[in-house]
Structures are given as structure tokens and as C-alpha cells.
Amino acid sequence: MMPEDPLLAAWAATRARRAGEPALFDTQGKVLFRFGEMEELSRGIEADALRDLRAGGILGVQIGNHAHWPALLLACLRRGIVVLPLERTMSDLERAAALQTCRATALLATMEEGVEPLAGATPVDWSGQPPA
49 MMPEDPLLAA WAATRARRAG EPALFDTQGK VLFRFGEMEE LSRGIEADAL
99 RDLRAGGILG VQIGNHAHWP ALLLACLRRG IVVLPLERTM SDLERAAALQ
149 TCRATALLAT MEEGVEPLAG ATPVDWSGQP PA
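Going by the numbering used here, the sequence shown opens with residue 49, and the numbers climb by one from there.
Spelled out as C-alpha cells, the structure:
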């Protein structure tokens, strides 16, 4: 059994203390999500967008500075999915090279379109020890 992820443990402790308090603000200071809402969003992403991805799989993420990033990261950590952040402005050729080099099995380019499995991607063999 893998030890508990320290980031997830800290998140759980913070959420327990501050569930109703603001967690994420927009650039004008408006509250986008409270801690409890962020957790709900994260659980929804985990159950929906990530449902077909396996632990140890590598997900390329090119959503820019999207408000759902924290929830997505939490969902990936819970599922054991490795996140490969990709610069929003990189070209299609650069993105394809990064995805291939890092052996990504899926791509999330927009939250609206969801996760796209990558054809022909070979999952990494982590020898039973996926990154934590």
C-alpha cells in the first residue's frame, strides 16, 4: 500500500478546517470557489473526466491558468495519474513532441472538451511503483 500523499493529507486537513471559506479568487478578488466547493469539483472531475485513466498514466494538461487547475490536480493525485503541464502557447508540433517524449496516454486541452485518449500511446511501466 502506498503511503498517503502529503499534498492530499494537507488538503484534507485544510478543507476540514475551512470548508466554507474562500479558496480561489479571480483577478478582481471575487470568490470563485470555497474549499468545500473545490473538493466537490475535484471529486466530479475524478469521477467523470478521469474515469477511464489508470493509475500511473500520464495526462498532458494544456488548459492555461484555468480556475479548475487545483481541482484537476487533486483529482489526479487521488487517482495516481501523473500530470504533465503544457504551456498554453506551445505549437501543435511542440505539444505532440512533448506528449510523445513523456509517453502521455491522454491530453486535456480544454475543460469543456474533456480528456482525449492519445492513439498509439504506450503506458509507462512503472514496475509497480508509480510516482507519488
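Where is the CB? At the ideal position from N, CA and C, for every residue including glycine. On a predicted model such as this, the values are computed, not experimentally measured, just so you know.
Would you check if the stretch 150-162 and the stretch 89-106 touch, i.e. whether three or more CB-CB distances between them fall below 8 Å?
yes
Rounded separation between A169 and S90 - CA only
26 Å
Candidates H114, W59, A61, G84: which alpha carbon is nearest T75's?
H114
Which parts of the stretch 67-127 are runs of the alpha helix (DSSP H), unbroken and 4 residues or longer, counting only runs that do not cross its ends?
83-95, 117-127
Could you give the DSSP three-state label for A154: helix, strand or coil?
DSSP places A154 in strand when its eight states are reduced to three.
Taking DSSP's pairing of strands, which residues face E164 in a bridge?
L155
Hey, how far is the Cα of V130 from the Cα of T137?
21 Å
Report yes if the C-beta distance between A123 and L98 is below 8 Å; otherwise report no.
yes
Sort D53, L132, A71, E161 by Cα distance to Q148 and report the nearest one.
The shortest Cα separation from Q148 among D53, L132, A71, E161 belongs to L132.
Quick check: does the Cβ of Q148 come within less than 7 Å of any heavy atom belonging to the ligand SAM?
Absence of the ligand SAM is noted for the structure shown, with no ligands found whatsoever.
Run through DSSP, which three-state label would L132 get?
strand
Excluding five sequence neighbours on each side, which residues of the same chain lie with their C-beta closer than 6 Å to the C-beta of L56?
L125
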